[in-house]
Amino acid sequence: MEKKKVLILGGSGFLGNAIYKELCNYFDTYGTYFNARRSFENNQQFFQFNLEEDDIFEILDTVKPQIIISAIRGNFAAQITMHQHLAEYIGQQNCKLYFLSSANVFDAYSKYPSYENDKTLSESIYGRLKIKIENMLMRLPKDKMAILRIPMVFGNGSPRVREMKNLILNNEPVEVFPNLILNVTNDDRLTQQIHYLINRNKTGIFHLGSTDLVHHEDFIKEVLERVGTFNPIIKRVYTTNEDRYLAVLPKSNLLPKNLRFTYQEIIDHHIIK
Numbered sequence: 001m002e003k004k005k006v007l008i009l010g011g012s013g014f015l016g017n018a019i020y021k022e023l024c025n026y027f028d029t030y031g032t033y034f035n036a037r038r039s040f041e042n043n044q045q046f047f048q049f050n051l052e053e054d055d056i057f058e059i060l061d062t063v064k065p066q067i068i069i070s071a072i073r074g075n076f077a078a079q080i081t082m083h084q085h086l087a088e089y090i091g092q093q094n095c096k097l098y099f100l101s102s103a104n105v106f107d108a109y110s111k112y113p114s115y116e117n118d119k120t121l122s123e124s125i126y127g128r129l130k131i132k133i134e135n136m137l138m139r140l141p142k143d144k145m146a147i148l149r150i151p152m153v154f155g156n157g158s159p160r161v162r163e164m165k166n167l168i169l170n171n172e173p174v175e176v177f178p179n180l181i182l183n184v185t186n187d188d189r190l191t192q193q194i195h196y197l198i199n200r201n202k203t204g205i206f207h208l209g210s211t212d213l214v215h216h217e218d219f220i221k222e223v224l225e226r227v228g229t230f231n232p233i234i235k236r237v238y239t240t241n242e243d244r245y246l247a248v249l250p251k252s253n254l255l256p257k258n259l260r261f262t263y264q265e266i267i268d269h270h271i272i273k
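Number 213 in full-length UniProt numbering belongs to position 213 of the sequence shown; there are no gaps in the numbering.
Below you can see the structure in the form of structure tokens.
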């Protein structure tokens, strides 16, 4: 069996790189990086790619991937153009796209959690960007794309946990949102789930977060207890007087039991290694 070729767009970012590490022993895996970091320059599997200046077709023609994972960040207009080009390429080639979307595609619906087939609506620029790309991909044949909606990502090396550690070290307040109810994930769990989806040729819309919900304030406080024994300054931010949800729960596309997890598992096993 020849190994499938996988191309990760945004392979040098936190999630992109975690996905690369999860997949590289099983697939012929390539990635893109933007900032010239030596570790990527010397890796023959990585291509430098500037979202705003470079044409993605060049890398696609070189790699000829069967699987593309889009975890890229950067200029919003350039992201839209790149995904238009990807859709064009995928329409003509034997190729699937896994697009990392976000719970923010539902951030205008704050009264309840969101499921895979719910209508998207966002009040944020970020959420609208993800919706625009999702809608573009929905026009592709069903068996050629998967939309992976992801809640807040934690994990030891994650930007969120790193930022919290820095705030604590500098004696600055950590913001919590007492009225926000969410589900969560981390890099370990997310990359295992993506690996499974690729292995099983799964397509469609997937909500990849914990199966249960937690208040942001409670979750952050528990995380901070694991970070170390100090008294962090907590700053409560109230955006509304009522509870609001930013949670993506699975209903129609359930993963196997061994790939489902609770928010407590994220706290217990994965935040602090």
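Positions of the beta carbon are idealized from the N, C-alpha and C atoms, including for glycine.
For clarity, every value in this text was computed on a predicted model and none was experimentally measured.
Along the alpha helix (DSSP H) that carries residue i, what are the first and last residues, could you check?
{"i": "ARG260", "result": "Premise fails: ARG260 is in no alpha helix (DSSP H) and is neither H nor E."}
{"i": "TYR219", "result": "It is Phe, not Tyr, that sits at residue 219 in the sequence shown. Counting along the chain, the alpha helix (DSSP H) containing PHE219 begins and ends at 216-227."}
{"i": "VAL237", "result": "Unbroken run through VAL237: none, as it is neither H nor E."}
{"i": "GLU58", "result": "56-63"}
{"i": "GLY74", "result": "Taken as a continuous stretch (DSSP letters only), GLY74 belongs to no alpha helix (DSSP H), as it is neither H nor E."}
{"i": "TYR20", "result": "14-23"}
{"i": "LEU190", "result": "187-199"}
{"i": "ILE267", "result": "That residue, ILE267, is in no alpha helix (DSSP H); it is neither H nor E in DSSP."}
Look up residue i in the DSSP assignment and say whether it is helix, strand or coil.
{"i": "GLY127", "result": "helix"}
{"i": "ILE8", "result": "strand"}
{"i": "ILE69", "result": "strand"}
{"i": "GLY91", "result": "helix"}
{"i": "SER114", "result": "strand"}
{"i": "PHE49", "result": "coil"}
{"i": "LEU180", "result": "strand"}
{"i": "PHE106", "result": "helix"}
What separation, rounded to the nearest whole angstrom, lies between the Cα atoms of residue i and residue j?
{"i": "GLU123", "j": "ASN201", "result": "33 angstroms"}
{"i": "ILE198", "j": "ASN171", "result": "43 angstroms"}
{"i": "ARG149", "j": "PHE14", "result": "16 angstroms"}
{"i": "MET82", "j": "ILE56", "result": "7 angstroms"}
{"i": "ARG226", "j": "ASN183", "result": "19 angstroms"}
{"i": "ILE168", "j": "ASP268", "result": "20 angstroms"}
{"i": "ILE133", "j": "GLN192", "result": "24 angstroms"}
{"i": "VAL63", "j": "LEU129", "result": "27 angstroms"}
{"i": "ARG162", "j": "LEU86", "result": "32 angstroms"}
{"i": "LYS144", "j": "ASN241", "result": "43 angstroms"}
{"i": "residue 287", "j": "ILE234", "result": "In the structure displayed, the chain extends from 1 to 273; residue 287 sits before or after that span and is not available."}
{"i": "THR239", "j": "PHE219", "result": "18 angstroms"}
{"i": "ASN135", "j": "GLU217", "result": "33 angstroms"}
{"i": "TYR245", "j": "LEU213", "result": "9 angstroms"}
{"i": "SER114", "j": "ILE266", "result": "20 angstroms"}
Give the C-beta separation of residue i and residue j to the nearest angstrom, bearing in mind that I take them to be a contact with Cβ-Cβ under 8 angstroms.
{"i": "ASN50", "j": "PHE34", "result": "6 angstroms"}
{"i": "ASP187", "j": "SER158", "result": "6 angstroms"}
{"i": "LEU9", "j": "THR32", "result": "5 angstroms"}
{"i": "HIS215", "j": "ILE181", "result": "6 angstroms"}
{"i": "ILE90", "j": "LEU100", "result": "16 angstroms between Cβ atoms; not a contact."}
{"i": "VAL237", "j": "ALA103", "result": "At roughly 18 angstroms, the Cβ-Cβ gap does not stay under 8 angstroms, so VAL237 and ALA103 are not in contact."}
DSSP has residue i in a bridge; who is on the other side?
{"i": "SER101", "result": "ARG149"}
{"i": "THR29", "result": "VAL6"}
{"i": "ILE168", "result": "Partner(s): none; ILE168 has no beta bridge."}
{"i": "LYS96", "result": "ILE67"}
{"i": "LEU255", "result": "In the DSSP output, where bridge partners are listed per residue, LEU255 has none listed."}
Can a CB atom of chain C be found closer than 8 angstroms to the CB of residue i?
{"i": "PRO256", "result": "Absent from the structure: chain C. Only one protein chain is present."}
Grab the span of the beta strand (DSSP E) containing residue i for me, first residue to last.
{"i": "HIS207", "result": "204-207"}
{"i": "VAL174", "result": "174-176"}
{"i": "ARG244", "result": "244-246"}
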